[in-house]
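Visitor: Right, I'll just put the structure down here and ask away after.
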Amino acid sequence: MGAEVKTMIRKGSSLRERLYLIEIFVGMATTFRHFLRNLLDNSKLYVRHYPEVEPEIPVRWRGRHRLTSHDDGTVKCVACFMCQTNCPANCIMIEAEERLDGKAEKMPKRFTIDLLECIYCGYCVEACPVDAIRMDSGIYSVTDNNRESFVLGIQELLETPGAFSEEDYKKGGA
Amino acid sequence: MSLLDYVMIAIRVAFSAFVPLCFIAVCVWMERRGAGFFQDRAGPNRANIYGFRAAGLVQNLADAAKLIFKEDMVSGHIKHKFYFILAPIIVFFTSLVSFAVVPFADTLVLGGKSYIMQGIPIDIGILWFFAFAGFAVYGIILAGWSSTNKYGILGGLRSAAQVISYEIPMALAIISLLVVYGTVDLNEMAQFQGGLLFGFIPMWGVILQPVGVIIFIIAAFAETNRTPFDLAEGESEIVAGFHVEYSAMKFAVFFMGEYVAMFASSAIIITLYFGGYQIPWFSTDVLINYAKPVALLLMILLPIIMYYFTGWIKRSNVSHYPRENDPRVFEANVYIKCFWALVVVVEVLLLTLLFCESGGSMAHIFVTLLQVCTFLTKVTMMIFVYIWVRWTLPRFRYDLLQKLGWQTLLPLALLNILVTSALVVVFS
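Protein chains in written order, with the working numbering: chain A, 1 to 174; chain B, 1001 to 1428.
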C-alpha cells in the first residue's frame, strides 16, 4: 500500500490575489474592525490587568517548591538524594544527618534549592518516594533584588504553605 | 519691514520646524497605542505623573529619559567615527527640512499684504521635497557602511536598491500630477484643489489621478522605510539593519527621523492628493465671505462633539477590575474639566469673531487657523493610515519588492502619464 499523497493547494496565484490591493484592503478592514471595537470599548481587550488582577493558578501548575511535613510538624524528607540525583539543572543540594525520632533513618540537615538554576521541570516531585517535595505553592512570580535570596534553605521550604487542599492536589496532581 | 512681517516670519518658520517635532510624540503614541488596539491589547498605559497617564502619552517622557541617559557607545571597531555620527543627523535633518515647503494654510492677507504660510518662501515646492527625501537615504547608506557590520551594510544596500526602484515610479506619478496642475508650487496645487469638478465634486488630486495616488502612496511608504517595505531594518533577517550598531540618543535620532519623515511624507501626500489645507466645498474665498456662519456652526458643533468625547473618556478611563475609590475616575474627571475649559475658551474666541466686522482681518486669521486645523487633522489621519498598514501587512520579500517596483509600478506610472497627458490635451 503506497503512502497517501495529499496535494496542498497553493494560495496567492489567482488574479485577485496577485493584484495585492484588493486583498490588502480586505486585511485592513479586518484589523480596523479590531481597532474600532477596542477603541470604542476598551473593556473588551483580551488582556489581564496583571499586577492588580492575578491569573488563576491550576493545581497542576509547577510553582515554587516547598517541603511537606508530618502532622506533628517534622520534615517528611528522608534525605534519599533521589531528587538531587534526578535534577537536570543541579539546583538541589542536600546534606543528610541521622534521624533520632524513629520516623526514618535519615533526615536532611541542609536542603537548599537555587531558584536561579531551577528550570521548574518537576522531576524532583516525581522522583520523591515519600511525597516530601511538592511544587504546589502556587507562587509563579519569583523576584528579588539580590542573588542570595534566591537560594532557599530548608526552613523557608518548610514554611511555604501549599495553595491547594489535599484532595484537590491528589485529584489534579500525581 | 514692519513688526507684523517679522512676527509672521517667526510664526511660519516656528510652525514648520516645531510641529513635526511635536508630532514625533503624537506618532509614537499613536503607533504604540494603535498597535495595541489592532492586536487586542492595551499598549503602554501605565507610566504616569501623580496618577495622570494622559492616555499613555507620559510613556513618551519615560522613553525619552531612558534614551537620553543610556550610555552613548561607539564600538572600537568603527573606523570612521565622524561618518558614523553624521549618519543619523543626515536622516533627521533631511526629514525635517523636507517639510519646509509644505503650505499649512492658504496665503494670509492682512492689511493689504499677503503672507505665505510655509516654512521657506520658495516656489520650487515638490522639487525641494524630492531633493531632500532622496537625500535621506544617504544617511541610511552611510550608517550601514560606517557601522563596519555585515548586517548594517546589508541594510544600507537594501535601502539603496529600494530607493532607486521606488524613486522612479514616485517621480513619474508626480509628472502626471504636474501635467494636471501645471505647477510645481505646492501652495498653487492646494489652491487648485479648492475648485469643484462639474460644480459639485472637490477637485482633489485623488479624484483627478486615482492611479497616481496609489503609485505615489506605495512609493512614499517605501521612501520612509515603513512596512511593508522596511527591508532595510528587517529584524528577522538582518537584526536591525542599518542601525544595528547605534545606541542611546544616536538610535533615538534615527527613530525620530523616521517619524518626522512619516509626518513630512503624510503632509506631502495630503497636499498633492487630498486637498492640502482645503476643506471640501469650502474654498478660502467662500470661508472668508461666510466666516460668521461657519463660526456659528462651529460654536454649535463643538459642545456636541465634546459631549460625546466626554462620554467616551468616562467609559474608557476607568479600571476594568474591582477597585475601591478608583483613581482613574478622578483622573478622567480632571481631563473632562480641562477639555470643557478648552471648549469654553474656543467658544469665547468664536464669539468675539461674531462681533467683528465681516471680511476683516479677524475673518482672515480665523480662516487661516481653520485651515491649519484641517491640515493637521488630515495629516494625522494619513499618519494613522501609515500605522494601520504597518500593523496589517507583512514585509515584502526582496525579489517581490523589486518585481513590484520595476515590473508593475514603473509601467503603470508611464501609462498613467500617457493617459493623463492625452486627456489634458483633449479637454483643454
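All C-beta atoms in this analysis are idealised placements derived from N, C-alpha and C, irrespective of residue type, glycine included.
Taking Cβ-Cβ distances shorter than 8 Å, what residues in chain A pair up with Tyr-1321 (chain B)?
Guide: Chain A residues near Tyr-1321 (chain B): His-49, Glu-52 and Val-53.
Visitor: To which residues of the same chain is Arg-62 (chain A) closer than 6 Å at the C-beta, ignoring the five residues directly before and after it?
Guide: Cβ within range, chain order: Tyr-120, Gly-122 and Met-135.
Visitor: Using a Cβ distance threshold of 8 Å, determine whether the stretch 60-79 of chain A contacts the stretch 99-118 of chain A, with at least three qualifying pairs required.
Guide: In short, these stretches touch, since the Cβ pair count reaches three.
Visitor: Compile a chain-ordered list of the residues in the stretch 1296-1323 of chain B whose CB is closer than 8 Å to at least one CB of chain D.
Guide: The chain inventory of the structure shown lacks chain D, comprising the protein chains A and B.
Visitor: What three-state label does DSSP hand Val-75 (chain A) in the structure shown?
Guide: The answer is strand: DSSP assigns Val-75 (chain A) an E or B state.
Visitor: Return helix, strand or coil for Lys-106 (chain A), following the three-state DSSP convention.
Guide: Reduced to three states, the DSSP call for Lys-106 (chain A) is strand.
Visitor: State buried or exposed for Val-1019 (chain B), treating a residue as buried only when at least 16 other CB atoms are found within 10 Å of its CB.
Guide: Counting Cβ neighbours within 10 Å, Val-1019 (chain B) comes out buried, since at least 16 surround it.
Visitor: Hey, how far is the Cα of Gln-1162 (chain B) from the Cα of Phe-1309 (chain B)?
Guide: C-alpha separation (whole angstroms): 43 Å.
Visitor: For chain B, check one thing: does any of its Cβ atoms lie closer than 8 Å to the Cβ of Asp-41 (chain A)?
Guide: With 8 Å as the cut-off, Asp-41 (chain A) counts as an interface residue toward chain B.
Visitor: Using the C-alpha atoms, what's the distance from Met-1262 (chain B) back to Ile-1270 (chain B)?
Guide: One C-alpha to the other measures close to 12 Å.
Visitor: Can you check whether the CB of Ser-1247 (chain B) is closer than 8 Å to the CB of Lys-1081 (chain B)?
Guide: No, the pair does not count as a contact, with Cβ atoms beyond the cut-off.
Visitor: Taking 8 Å as the CB-CB limit, is Ile-24 (chain A) close to chain B?
Guide: Yes, its Cβ sits closer than 8 Å to a Cβ of chain B.
Visitor: Just list the residues that DSSP pairs Phe-1309 (chain B) with in beta bridges.
Guide: None, per the DSSP bridge assignment.
Visitor: In chain A, which residues lie with their C-beta within 9 Å of the C-beta of Phe-1038 (chain B)?
Guide: Under the 9 Å cutoff, chain A gives Thr-31, Phe-32, His-34, Phe-35 and Asn-38.
Visitor: On the three-pair Cβ rule with 8 Å, is the stretch 1162-1177 of chain B touching the stretch 1215-1225 of chain B?
Guide: In short, these stretches touch, since the Cβ pair count reaches three.
Visitor: Using a Cβ-Cβ cutoff of 8 Å, what residues of the stretch 1381-1403 of chain B are near chain A? List them in chain order.
Guide: Listed in sequence order: Trp-1388, Val-1389, Trp-1391, Thr-1392 and Leu-1393.
Visitor: Can you find a C-beta in chain B that's less than 8 Å from the C-beta of Leu-15 (chain A)?
Guide: No - not a single Cβ of chain B is within 8 Å of the one on Leu-15 (chain A).
Visitor: Taking only beta-carbon positions, decide if Gly-12 (chain A) is within less than 8 Å of chain B.
Guide: Gly-12 (chain A) does not count as touching chain B.
Visitor: For Ala-1041 (chain B) and Leu-45 (chain A), I'd like the C-alpha separation in whole angstroms.
Guide: Looking at the sequence shown, residue 1041 (chain B) is not Ala but Arg. For Arg-1041 (chain B) and Leu-45 (chain A), the distance between alpha carbons rounds to 5 Å.
Visitor: Below 8 Å between beta carbons: does that hold for Met-93 (chain A) and Arg-99 (chain A)?
Guide: Their beta carbons are not under 8 Å apart, which means Met-93 (chain A) does not touch Arg-99 (chain A) by this criterion.
Visitor: Distance, Cα to Cα, Leu-1004 (chain B) vs Phe-1104 (chain B)?
Guide: Each residue's alpha carbon lies about 19 Å from the other.
Visitor: Output the distance between the C-alpha atoms of Ile-1090 (chain B) and Ile-1124 (chain B), rounded to the nearest integer angstrom.
Guide: Distance between the alpha carbons of Ile-1090 (chain B) and Ile-1124 (chain B) is about 22 Å.
Visitor: Check the Cβ of Arg-1041 (chain B) against every Cβ in chain A and list those closer than 8 Å, keeping chain order.
Guide: Going along chain A in sequence order, the residues near Arg-1041 (chain B) (Cβ under 8 Å) are Leu-45, Tyr-46 and Val-47.
Visitor: So, Val-1260 (chain B) versus Phe-1092 (chain B), is the Cβ gap smaller than 8 Å?
Guide: Contact: yes.
Visitor: Tell me whether Gln-1059 (chain B) is buried or exposed, calling it buried when 16 or more other Cβ atoms sit within 10 Å of its Cβ.
Guide: Gln-1059 (chain B) is buried by the Cβ-count criterion.
Visitor: Output yes if chain B places a C-beta closer than 8 Å to the C-beta of Met-28 (chain A); else output no.
Guide: Closer than 8 Å: yes.
Visitor: Would Met-1277 (chain B) be called buried (16 or more neighbouring beta carbons within 10 Å of its own) or exposed?
Guide: One detail in the question is off: residue 1277 (chain B) reads as Tyr in this sequence, not Met. By the neighbour-count rule (16 or more Cβ atoms within 10 Å), Tyr-1277 (chain B) is buried.
Visitor: Output the residue ranges of the alpha helix (DSSP H) runs that lie fully inside the stretch 1048-1099 of chain B and measure 4 residues or longer, sorted by chain position.
Guide: List check, alpha helix (DSSP H) in window: 1058-1069 and 1081-1098.
Visitor: Hey, how far is the Cα of Arg-1032 (chain B) from the Cα of Ala-96 (chain A)?
Guide: Looking at the two C-alpha atoms, the distance is approximately 55 Å.
Visitor: Between the Cα of Trp-1029 (chain B) and the Cα atoms of B:Val-1074, B:Asn-1045 and B:Ala-1017, which residue gives the shortest distance?
Guide: Comparing Cα-Cα distances from Trp-1029 (chain B) to each of B:Val-1074, B:Asn-1045 and B:Ala-1017, the minimum goes to B:Asn-1045.
Visitor: Could one say the Cβ of Gly-1034 (chain B) lies closer than 8 Å to chain A's Cβ atoms, at least one of them?
Guide: Closer than 8 Å: yes.
Visitor: Going by CA-CA distance only, name the one from B:Ile-1078, B:Leu-1178, B:Gly-1112 and B:Tyr-1181 that's closest to Thr-1148 (chain B).
Guide: Here the closest residue by C-alpha is B:Ile-1078.
Visitor: How is the alpha helix (DSSP H) around Glu-1223 (chain B) delimited, first residue to last?
Guide: That run of the alpha helix (DSSP H) goes 1210-1223.
Visitor: For Leu-1197 (chain B), write down the residues that DSSP places opposite it in a beta bridge.
Guide: In DSSP, Leu-1197 (chain B) forms a bridge with B:Ile-1201.
Visitor: What is the DSSP secondary structure of Met-1256 (chain B), counted as helix, strand or coil?
Guide: Helix, per DSSP.
Visitor: Going along the chain, which residues of its own chain have a beta-carbon closer than 8 Å to the beta-carbon of Leu-1351 (chain B), five neighbours each way excluded?
Guide: Result list for Leu-1351 (chain B): Met-1299, in chain order.
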